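Worksheet: one structure, shown below.
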Amino acid sequence: MNYRHAFHAGNFADCMKHALLVWLLRALAAKEKPFRVLDTHAGIGSYDLSEASEAERTGEWRRGIGRLLSVEDGPLADYVALVHAAGAQARYPGSPALVAGLLRPQDHLLACELHPDDAATLRAAFRRDPQVAVHHRDGWEALKALTPFPEKRGLVLVDPPFEREGEFERLAQGIALVSRRFRGAVQACWYPIKHRAPVRAFHTALQESGVRDLVAAEFWLREPTDPQRLNGCGLLVANPPWRFEAEGGAILAALLEKLGDGEPGQGWAMTRIAEE
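When we follow numbering that gives the first Met the number 0, the leftmost residue of the sequence shown carries the number 0, and every step to the right adds one.
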C-alpha cells in the first residue's frame, strides 16, 4: 500500500513493459472479435513529468522515455507515438491509459487499484469512458473474481509493486490460476531483476506448475548481481501471440540501443520457459 509509481513513471522498466504491452494489444486487435483487458495493479492512469512532479524528483524518466522521444520509426515507433499522443514531456501514460487508447468500440478494460487515493484518481480519469470499469480492489483477488472474460479472449496484465515478501510466489500462483480458469487469455506479468536467484526460482516454479506456452522477455542495464538495485526487469508472457518472440526481441534490442550506454553486463533475452 506504500508504493507510489509516480516516482518511477517512464523509467526504463516502464518503457520495456509498455512497449511490449502495445505490441500484445495490437496483436489481439488483429482479429475483429472483441477482447477485454484486466489490469490488476493499474495505478493512476497517467503521470506528471513536470519539474514539480514526483517523477522529476527521482529523474528516472530521463534515462527511460526521455531517451526515446525522438524515435519515429522502427520497433519502438508505435509505443513512442502513443506516449506523444498522451502529452510527452508533460505526462507519461501508465498501462490503463495505453490500453484505453488502443481499445476498439467492441473492447473493454477492467482496471484494479488497491490504494484508495490512486483508485479515486483512476476512477476520475475514466469517469466518462463507458469502455473502462475501475475497481477499488486487490489485484490478486481480481484474478479469480474477474476471469474468465465473457468475450472468451483478452489480456491479463499483472504488474505488482514487489514491495512485500512473496510476490514472486504470488505471481507464479496467479499465472497458474488464470491458466486453469481461462486458457485462452494472454497473460503479461512484470517482475524485477535485481539478482538472478529469485528469477530462476520463479521460472522453476512455473515449469513445475504445469502451465504451458510461457516466454520470458528480459532486459537489464546492469549485471544482475546487486540485490539492492533494480538492474533489469522481465515480462513473463503466457499464451503469447504468434511472432511475439521474434518481434518482441526486436523491441528489446531497440531499447538496448537507445537506453544502454555500452557498460559491460547490459543485455536482453527472449527465453521460452515452457513449450506449447
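We treat Cβ as the ideally placed atom computed from N, Cα and C, and that holds for glycine.
Just so it is clear, the structure is predicted and the values come from calculations on it, not from any experiment.
Local conformation of R66 per DSSP, three classes
The residue given as residue 66 occupies position 67 in the sequence shown. Looking at R66 - three-state DSSP - the assignment turns out to be helix.
When you compare only the Cα positions, how much space is there between W139 and G173?
Walking along the sequence shown from the start, residue 139 turns up at place 140. Walking along the sequence shown from the start, residue 173 turns up at place 174. Going from the Cα of W139 to the Cα of G173 covers about 7 Å.
Boundaries of the alpha helix (DSSP H) in which P191 is found, first to last residue
Looking up residue 191 in the sequence shown gives position 192. Counting along the chain, P191 falls outside any alpha helix (DSSP H), though it belongs to the beta strand (DSSP E) covering V185 to I192.
C-beta contact flag for L220 and G231 at 8 Å
Here residue 220 refers to the residue found at position 221 when the sequence shown is read from its first residue. Here residue 231 refers to the residue found at position 232 when the sequence shown is read from its first residue. Contact: yes.
Would you say W267 and F218 are within 8 Å of each other, going by their C-beta atoms?
Looking up residue 267 in the sequence shown gives position 268. Looking up residue 218 in the sequence shown gives position 219. Yes, the Cβ-Cβ distance between W267 and F218 is below 8 Å.
So, is D128 buried or exposed, given that buried needs 16 or more other C-beta atoms within 10 angstroms?
Taking the first residue of the sequence shown as position 1, residue 128 is located at position 129. The residue in question, D128, is exposed, as its Cβ has fewer than 16 Cβ neighbours within 10 Å.
Among E222, G261, G93 and R228, whose alpha-carbon lies nearest the alpha-carbon of T39?
Taking the sequence shown and counting its residues from 1, the one referred to as residue 39 is at position 40. Among E222, G261, G93 and R228, the Cα nearest to that of T39 belongs to G93.
In terms of alpha-carbon separation, which member of K143, H194 and L235 lies closest to V185?
In the sequence shown, counting from the first residue as 1, residue 185 sits at position 186. Among K143, H194 and L235, the Cα nearest to that of V185 is on L235.
Are the beta-carbon atoms of L102 and L109 separated by less than 8 Å?
Indexing the sequence shown from 1 puts residue 102 at position 103. Indexing the sequence shown from 1 puts residue 109 at position 110. Cβ atoms of L102 and L109: not closer than 8 Å.
What does the Cβ neighbour count give for R35, buried or exposed, with the cut at 16 atoms within 10 Å?
Here residue 35 refers to the residue found at position 36 of the sequence shown. Label assigned to R35: buried.
With distances taken from CA atoms, which of R152, R211 and A204 is nearest K30?
Working through the sequence shown from its first residue, we reach residue 30 at position 31. Closest by alpha carbon: R152.
Counting Cβ pairs, one atom from each stretch, are 3 or more of them under 8 Å apart for the region 250-259 and the region 7-15?
Touching, yes, given that three or more Cβ pairs across the two stretches are closer than 8 Å.
Integer Cβ distance of A26 from P240, believed to fall under 8 Å:
Here residue 26 is taken as the residue at index 27 of the sequence shown, counted from 1. Here residue 240 is taken as the residue at index 241 of the sequence shown, counted from 1. Right, the Cβ-Cβ distance comes to about 4 Å (below 8 Å), so this counts as a contact.
Would you report the Cα separation of E275 and A84, rounded to the nearest angstrom?
Counting from 1 along the sequence shown, the entry for residue 275 is found at position 276. Counting from 1 along the sequence shown, the entry for residue 84 is found at position 85. Rounded to whole angstroms, E275 to A84 spans 37 Å at the Cα level.
Among D225, A28, G183 and I64, which has the Cα closest to the Cα of G363?
No answer is possible for residue 363: the residues shown for the chain start at 0 and end at 275.
Neighbourhood of A54 by C-beta, 8 Å cutoff - its chain only, sequence neighbours within 5 removed
Against the sequence shown, residue 54 aligns to sequence position 55. Low confidence applies to A54: its pLDDT is 48, below 50, so where it sits in the model is not reliable, and the reading given next is rough at best. Closer than 8 Å at the Cβ level, and outside the excluded window around A54, lie A5, F6, H7, A8, G9, Y46, D47, L48, W60 and Y91.
Cα-Cα separation, E168 to L81
As a position in the sequence shown, residue 168 is number 169, starting the count at 1. As a position in the sequence shown, residue 81 is number 82, starting the count at 1. Near 33 Å, if we compare the C-alpha coordinates of L81 and E168.
In three-state terms, what does DSSP make of H202?
What you label residue 202 is simply residue 203 of the sequence shown in a count that begins at 1. Helix.
Proximity of Q206 and I272 at Cβ, strictly below 8 Å:
Within the sequence shown, residue 206 is the residue found at index 207, counting from 1. Within the sequence shown, residue 272 is the residue found at index 273, counting from 1. A contact, by the Cβ cut-off of 8 Å.
Could you give the first and the last residue of the continuous beta strand (DSSP E) run that contains V210?
Taking the first residue of the sequence shown as 1, we reach residue 210 at position 211. Looking at the DSSP string, V210 is not in any beta strand (DSSP E), and its letter there is neither H nor E.
Residue burial classification, P95 (beta-carbon count within 10 angstroms, cutoff 16):
For this step, residue 95 is matched to residue 96 along the sequence shown. P95 comes out buried.
With distances taken between CB atoms, is the gap from F125 to F148 smaller than 8 Å?
Counting from one through the sequence shown, the residue named residue 125 turns up at place 126. Counting from one through the sequence shown, the residue named residue 148 turns up at place 149. The criterion of a C-beta distance shorter than 8 Å is not satisfied by F125 and F148.
Between the C-alpha atoms of E50 and W22, what's the straight-line distance to the nearest angstrom?
Position 51 of the sequence shown holds residue 50. Position 23 of the sequence shown holds residue 22. With a pLDDT of only 49 at E50, under the threshold of 50, the placement of this residue in the model should not be trusted, and no figure is reported.
Would a C-beta distance cut-off of 8 Å place G247 and A216 closer than the cut-off?
Along the sequence shown, one-based indexing puts residue 247 at 248. Along the sequence shown, one-based indexing puts residue 216 at 217. The answer is yes: Cβ separation under 8 Å.
Length of the line joining the Cα atoms of T120 and V177:
Within the sequence shown, residue 120 is the residue found at index 121, counting from 1. Within the sequence shown, residue 177 is the residue found at index 178, counting from 1. T120 and V177: Cα-Cα distance of roughly 28 Å.
Tell me where the beta strand (DSSP E) around L108 begins and ends.
As a working note, residue 108 is residue 109 in the sequence shown. From DSSP, the beta strand (DSSP E) with L108 extends over H107 to C111.
Helix, strand or coil: how does DSSP classify E71 here?
Position 72 of the sequence shown, counting from 1, holds the residue named residue 71. The answer is coil: DSSP assigns E71 none of H, G, I, E or B.
Just to confirm, is the Cβ distance from E341 to A187 under 8 Å?
Outside the shown range of the chain (0 to 275) lies residue 341, about which nothing can therefore be said.
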